[in-house]
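Structure, as structure tokens:
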Amino acid sequence: MGPGLRGGGHHHLDRGGGRGRHRPRLRGEGPPGCGACPYLGRADERLAPPRRAAGARLVDRRAVLAAGLAAPFAARAQAWPDRPVRIVVPYAPGGPTDILARSLAAALGEAWRQPVVVENRPGAGSAIGTEVVARAPSDGTTLLFAATAHVMNPALMPHLPFDAVRDFTAILNCAFHPMLLVVHPSTGISGLPGFIAAARARPGGLTMGSAGVGNASHLAMALFASVAGIELTHVPFSGAAPAQAAVLSGQVQGGFFNSTVAVPQIRDGRLRGIATADAKRWREVPDLPTLAELGYPGAEAGSWYGVLAPARLPPPLVARLHADILAAMRQPAVRERVIAAGLDPLETGPAEFQAQLAAEVGKWDRVVKAAGIKPD
64 MGPGLRGGGH
74 HHLDRGGGRG
84 RHRPRLRGEG
94 PPGCGACPYL
104 GRADERLAPP
114 RRAAGARLVD
124 RRAVLAAGLA
134 APFAARAQAW
144 PDRPVRIVVP
154 YAPGGPTDIL
164 ARSLAAALGE
174 AWRQPVVVEN
184 RPGAGSAIGT
194 EVVARAPSDG
204 TTLLFAATAH
214 VMNPALMPHL
224 PFDAVRDFTA
234 ILNCAFHPML
244 LVVHPSTGIS
254 GLPGFIAAAR
264 ARPGGLTMGS
274 AGVGNASHLA
284 MALFASVAGI
294 ELTHVPFSGA
304 APAQAAVLSG
314 QVQGGFFNST
324 VAVPQIRDGR
334 LRGIATADAK
344 RWREVPDLPT
354 LAELGYPGAE
364 AGSWYGVLAP
374 ARLPPPLVAR
384 LHADILAAMR
394 QPAVRERVIA
404 AGLDPLETGP
414 AEFQAQLAAE
424 VGKWDRVVKA
434 AGIKPD
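In case it helps, our numbering puts the sequence shown at residues 64 to 439.
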């Protein structure tokens, strides 16, 4: 069996389980002076004022029309919102996505002088709440507080009733925390070289717990196994808490966990940190090197939290939402809650965030296909 994860998508503890065009520039139709003028090329005609090409007139008319259409949207964006706004959280109350969304909603409600309601719509790996927003009017009054599952689900659920990129307008990526590779102290592994050596000495001999088939912790280990050229045995559990408990008890030997889960256990000595799966070291464990530092770039994995709106949102409204949400996230009280939750504040704007969505959908699609991951 090649590098990667043992087990497909089956949920068994013993073996484990285991996605402008632009119009060509128009030129005048024919040489200068053509049309009603029969004197092509005559010297006296060359002295006449230049005639405007049909293409130029067309461009001018389109520019005027575009300006006329944009003006109402710009005016509307200034007056917006004139009604309550809802932020859909596609998860149950109490998690980091919900906590961040509620902090943001409180700040936006004060700024907009309109009710901003958080609506929890969990289910189907976040697909239920996400579809609600995909089908909502493009008027900015329905927003999605999304997380990394948004870009992983397309590879795991090929028949989603929406497109994770085309059906949404990216507004702001607000926060992030990385995944950390950890092991139980009983393994005797103290660093990444020892981890790689153990994996190569007994392919599939290291057991790695996750919060479930297709979960971020599962895909993070699948990505790392592929980059490192090693084989690991995946042991899925029904959630992060039982997966963490299994690693803490030594029932399984390690796993990739969000920093908010892993850091307290590393500090207490109950788990041993091996590496950070990010491009830079994590502020809470600055002595823990990154996978890239240790020779394995391309294995970055973590969880981000950001705001999306339905597709086809008018650009003035995108700009207004981005500015207002960014200002809210910069408020000291909101920023303190983000950091207290173990997250790093981000300020990724609409264009960059939209490109990130597309890139990550492709990245996780490749990981899922290469590892042969199939959800239960």
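Backbone N, C-alpha and C define an ideal beta-carbon position, used for all residues, glycine too.
Spatial neighbours of residue i within its chain, please: C-beta separation below 8 Å, excluding the five flanking residues on both sides.
i, result
"Leu110", "Confidence in Leu110 is poor, its pLDDT being 34 and thus under 50, which makes the residue's placement unreliable; the coordinate value appears in the next sentence. Around Leu110: no qualifying Cβ."
"His385", "Ile234, Leu235, Gly412 and Pro413"
"Arg146", "Gln177 and Thr204"
"Gln328", "Val245, Gln307, Leu311 and Leu334"
Measuring only the C-alpha atoms, how far is residue i from residue j?
i, j, result
"Ser166", "Gly257", "42 Å"
"Gln307", "Ile162", "21 Å"
"Leu311", "Ala218", "30 Å"
"Val180", "Glu415", "27 Å"
"Val214", "Pro413", "16 Å"
"Gly267", "Glu194", "38 Å"
"Pro87", "Pro144", "Summary for Pro87: the model assigns pLDDT 38, below 50, so the residue's position carries little reliability; its value from the coordinates is reported in the next sentence. Cα to Cα, Pro87 sits roughly 38 Å from Pro144."
"Ala374", "Gly186", "22 Å"
"Pro156", "Ser280", "21 Å"
"Glu399", "Val381", "26 Å"
"Gly251", "Ser201", "55 Å"
"Ala309", "Ala274", "11 Å"
"Val290", "Ile436", "16 Å"
"Ala396", "Gly188", "30 Å"
"Ile259", "Ala199", "48 Å"
"Leu223", "Arg184", "16 Å"
"Pro349", "His247", "20 Å"
"Ala433", "Pro221", "16 Å"
"Tyr154", "Ala288", "29 Å"
"Gln394", "Leu420", "26 Å"
"Lys426", "Ala342", "16 Å"
"Val326", "Gly172", "34 Å"
"Pro305", "Met284", "17 Å"
Looking only at C-alpha atoms, which of the options sits nearest to residue i?
i, options, result
"Leu351", "Ala233, Phe225 and Ser322", "Ser322"
"Val431", "Leu282, Val180, Pro241 and Ala197", "Leu282"
"Ala403", "Glu347, Arg375 and Val424", "Glu347"
"Leu376", "Glu182, Thr232, Gly172 and Glu173", "Thr232"
"Ala340", "Pro241, Ser201, Asp331 and Pro221", "Pro241"
"Phe225", "Pro379, Ser249 and Ile191", "Ile191"
"Phe300", "Glu173, Ser289, Phe320 and Ala396", "Phe320"
"Ala164", "Trp175, Arg184 and Phe208", "Phe208"
"Asp253", "Ala342, Gly336, Trp345 and Arg344", "Asp is not the amino acid found at residue 253; the sequence shown has Ser there. Per the Cα distances, Gly336."
Could you pull out every residue in the same chain whose Cβ sits closer than 7 Å to the Cβ of residue i, ignoring the five residues on either side in sequence?
i, result
"Val324", "Ala303 and Gln307"
"Ala338", "Leu244, Leu255, Leu351, Pro352, Thr353, Leu354 and Leu357"
"Arg265", "none"
"Ser249", "Gly313"
"Val401", "Leu163, Ala238 and Pro408"
Once you ignore the five residues that flank residue i on each side, which residues in its own chain have a CB closer than 6 Å to its CB?
i, result
"Ala422", "none"
"Thr270", "Thr296, Val298, Val315 and Gln316"
"Trp367", "Thr211, Asn236 and Phe239"
"Pro438", "Gly72, Leu219, Val276 and Gly277"
"Asp230", "Ala197 and Ala374"
"Pro159", "Ala404"
"Tyr359", "Val290 and Ala291"
"Met392", "Cys237"
"Glu182", "Arg149 and Val151"
"Trp345", "Pro241, Ser322 and Thr339"
Nearest chain D C-beta to residue i closer than 8 Å, yes or no?
i, result
"Val298", "Among the chains in the structure shown there is no chain D, since it carries only a single protein chain."
Do residue i and residue j have their C-beta atoms closer together than 8 Å?
i, j, result
"Leu286", "Ala364", "yes"
"Gly318", "Gly361", "no"
"Ala418", "Leu206", "no"
"Ala227", "Val370", "no"
"Ala262", "Glu294", "yes"
"Asp387", "Ala174", "yes"
**Request:** Report yes or no: do three or more beta-carbon pairs, one from the segment 408 to 420 and one from the segment 230 to 245, lie closer than 8 Å?
**Result:** yes
**Asked** Using 8 Å as the threshold, is the segment 146 to 154 in touch with the segment 167 to 179, meaning 3 or more CB pairs across them?
**Response** yes
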